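Remarks on the structure that follows.
Residue numbers (the working numbering): 35 to 457.
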């Protein structure tokens, strides 16, 4: 842990187990008293989701009996203990997860080894071949018989979402996503009715289950744009073209996100950021009005947006490029997607030189204009600042050991984009 972590723990006295989530050595020692966890030799946090004075969830990489795996722990404030106890009791009584859930009252902490999950209860069925079989039959009920022979976990956010690749014995593969209750119906409706754009591929709907809150899409082979072995400028030109093709598509079922909700989300990020690094509160709140003003007063053209567009959402395969993970698709200003793409480049290249940054921006716009000419890009820097502001908590979330300095760098870049000056 760094000094900012220690200061954070001191400020939040409501969460007794917060220090254990950030430095789980005491948890590892406590596990030695349980037969189910005594063989765990490594536990390392790689993702954290934190609500001050309320709760905190940490995902861990673990080594259990020599095998790598995943687990998560959750701590809650005292006033939420009654509800927390019910959740823990339900998990502990489930025949598939009973021996994978442990409670440590001294920290008000629940530890759950994957696939035990308090809000993604269907994941427990991934433990046994028989339950995997019945789950697959339910999800792929409209396909020819599907016999799952292998499952690869692609992304897991505890109590929120799991993305997995299901492989069938006959060579077919699918992406299966499991969701907590929040937002599932909207995502299901969006994905089921998404129209395939011209010029690019999107994963097609092939199944799902309301009771398991699962969606199945066909698997598209290829490398993400971030990993593809093509020159950097060509990547950004291609990214611009893919975004333009999607923006041109006739998505009649998509709806816009209310500006008031976007503004509230930005204000929530500012509040959380102020809690994480109080010394930067004045800088954050001096920037916030410009960002909130942009989303509240935006009267730009409305097109179908991806909603979370960056280089890992584009897959380069043998056929046409593909756009994946369209869960957040909606109507909005085209500069939102382009700004989001550029913000992620900034997030993962904090030492990006100004000349390189300008070149990436120009290449992205070149690709976009080649498919969809006439874009007014005068507010692109400000939309990039909005998108980058939404990523300010990522260094903390991803447990970057230098998260305070990384976060300051991102905030400073937000100021440069929004005001042409440093914070």
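Using N, Cα and C, we set each Cβ at its ideal position, and we do this for glycine too.
Being a predicted model, the structure only gives us computed values, none of them experimental.
Proximity of residue 398 and residue 416 at Cβ, strictly below 8 Å: no
Alpha carbon of residue 125 to alpha carbon of residue 107, nearest angstrom: 13 Å
Check for me: the alpha helix (DSSP H) holding residue 375 runs from which residue to which? 368-382
Does the beta-carbon of residue 224 have 16 or more other beta-carbons within 10 angstroms, so that it is buried, or is it exposed? buried
Along the chain, where does the beta strand (DSSP E) containing residue 253 start, and where does it finish? Run containing residue 253: none; DSSP gives neither H nor E here.
Assign residue 294 to one of two classes, buried (16 or more other C-beta atoms within 10 Å of its C-beta) or exposed (fewer than that). exposed
Those residues which DSSP pairs with residue 102 across a bridge: 97
Would you mind sorting residue 289 into buried or exposed? The rule is 16 or more other CB atoms within 10 Å of its CB. exposed
Find out if the Cβ-Cβ distance for the pair residue 409, residue 451 is shorter than 8 Å. no
Those residues which DSSP pairs with residue 241 across a bridge: 250
Beta-carbon separation (whole angstroms), residue 166 vs residue 182, contact threshold 8 Å: 5 Å
Looking at residue 246 and residue 406, is the spacing between their C-beta atoms short of 8 Å? no
Closest to residue 233 by C-alpha separation, out of 79, 404, 43 and 412, would be which residue? 404
Which residue marks the beginning of the alpha helix (DSSP H) containing residue 86, and which one marks its end? Careful: residue 86 lies outside any alpha helix (DSSP H) and carries neither H nor E.
For residue 69 and residue 133, I'd like the C-alpha separation in whole angstroms. 9 Å
Leaving out five residues on either side along the sequence, give the residues of the same chain with a beta carbon under 7 Å from the beta carbon of residue 426. 303, 307, 441, 444 and 445
May I ask you to report which of helix, strand or coil DSSP gives residue 270? helix
Stretch-stretch touch, CB-based, cutoff 8 Å, three pairs: the region 152-162 with the region 38-54: no
Of the listed residues 93, 109, 112 and 113, nearest to residue 149 (C-alpha basis): 93
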